[in-house]
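Participant: Sharing a structure with you now.
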Amino acid sequence: MTVSIQDVLHFWFAKGAALNWFEVDKAFDADVKNRFRSTLHAAANSKLEHWTETIEGRLALIIVLDQFSRNIHRGNAAAYGNDNACLLLAKHALRMGDDLWLKTYRPHDWRIFLYVPFMHSEDIEDQRRSLELFQTHGPEPGVAHARHHLEIVTRFGRFPHRNSILGRDSTSEELAFLAMKEIAG
1 MTVSIQDVLH FWFAKGAALN WFEVDKAFDA DVKNRFRSTL HAAANSKLEH
51 WTETIEGRLA LIIVLDQFSR NIHRGNAAAY GNDNACLLLA KHALRMGDDL
101 WLKTYRPHDW RIFLYVPFMH SEDIEDQRRS LELFQTHGPE PGVAHARHHL
151 EIVTRFGRFP HRNSILGRDS TSEELAFLAM KEIAG
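If you want it as structure tokens, here you go:
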């Protein structure tokens, strides 16, 4: 089955879908995998480049590469495998003014997905840009999350919770941080 830009946007922004965006939900992950696994595969293999020709196409492709990748590959390194391509696309979308168009013509929550790839980056400059974008254009909860992500990357130079998944050794400071996070929830 061929999935369209509108299929992605309708699914992701359907009424009530926001409840699943930033939560771990096995049923939702399974639904994303069932509907969009082949779409993610096509996107990861540059088969959906034509989607980059429109604002909504770029947004849908970012959602596929960033969010669906995490839903489909939760718990393994492939979840982060499209981050660089997604970040480049998000940077291009911002240069094109996509976030300002989305702010004007779509609900505010649409444009935050152009900013999230910056938040997912382990590069400090991308983290600073994430905070700037959320402070300028994003909703308040996004600002708090962006600030928290920046603090972690500033402190460790990376996201320690990814270490085991990516086969990286954790420092003693990272292990202490992870233990505190588990206690705190």
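Numbering (the UniProt record's numbering), first residue to last: 1 to 185.
Every residue gets a Cβ at the ideal spot worked out from N, C-alpha and C, and that includes glycine.
Only a predicted model underlies this, so the values are computations on that prediction, with no experimental measurement involved.
So for Ala77, helix, strand or coil by DSSP?
Facilitator: Here residue 77 refers to the residue found at position 77 of the sequence shown. Here Ala77 sits in helix by DSSP.
Participant: Could you work out which residue in Phe36, Leu61, Leu102 and Arg158 is closest to Gly138 when comparing CA atoms only?
Facilitator: Sequence index remark: in the sequence shown, residue 138 carries index 138 (1-based). With distances taken between Cα atoms, Gly138 lies closest to Leu102.
Participant: In its own chain, which residues sit with a C-beta less than 8 Å from the C-beta of Ala17, not counting the 5 before and 5 after it?
Facilitator: Taking the sequence shown and counting its residues from 1, the one referred to as residue 17 is at position 17. Phe11.
Participant: In this structure, how does DSSP classify Thr154 when only helix, strand and coil are distinguished?
Facilitator: Indexing the sequence shown from 1 puts residue 154 at position 154. Residue state, collapsed to three classes: helix.
Participant: Helix, strand or coil for Gly185, going by three-state DSSP, please let me know.
Facilitator: Taking the first residue of the sequence shown as position 1, residue 185 is located at position 185. The predicted model places Gly185 with a pLDDT of 32, which falls under 50 and marks its position as unreliable, so this point remains unresolved.
Participant: Would you give the residue range spanned by the alpha helix (DSSP H) that Met119 belongs to?
Facilitator: Here residue 119 refers to the residue found at position 119 of the sequence shown. Counting along the chain, the unbroken alpha helix (DSSP H) around Met119 starts and ends at His108 to His120.
Participant: Does DSSP put Trp12 in a helix, in a strand, or in coil?
Facilitator: Position 12 of the sequence shown, counted from the start, is the residue given in the question as residue 12. If DSSP states are grouped into helix, strand and coil, Trp12 belongs with the helices.
Participant: Check whether the Cβ atoms of Ala93 and Leu114 sit closer than 8 Å, and answer yes or no.
Facilitator: Residue 93 sits at position 93 when you count from the first residue of the sequence shown. Residue 114 sits at position 114 when you count from the first residue of the sequence shown. Taking 8 Å as the Cβ cut-off, Ala93 and Leu114 qualify as a contacting pair.
Participant: Mind reading off the beta-carbon distance from Glu132 to Arg158? Whole number of angstroms is fine, and I expect it under 8 Å.
Facilitator: As a first step, residue 132 is located in the sequence shown; it is residue number 132 there, counting from the start. As a first step, residue 158 is located in the sequence shown; it is residue number 158 there, counting from the start. Glu132 to Arg158, Cβ: 20 Å. No contact.
Participant: Whole angstroms is fine: what's the gap from Lys26's alpha carbon to His73's?
Facilitator: In the sequence shown, the residue the question calls residue 26 occupies position 26. In the sequence shown, the residue the question calls residue 73 occupies position 73. Between Lys26 and His73, the C-alpha separation is close to 11 Å.
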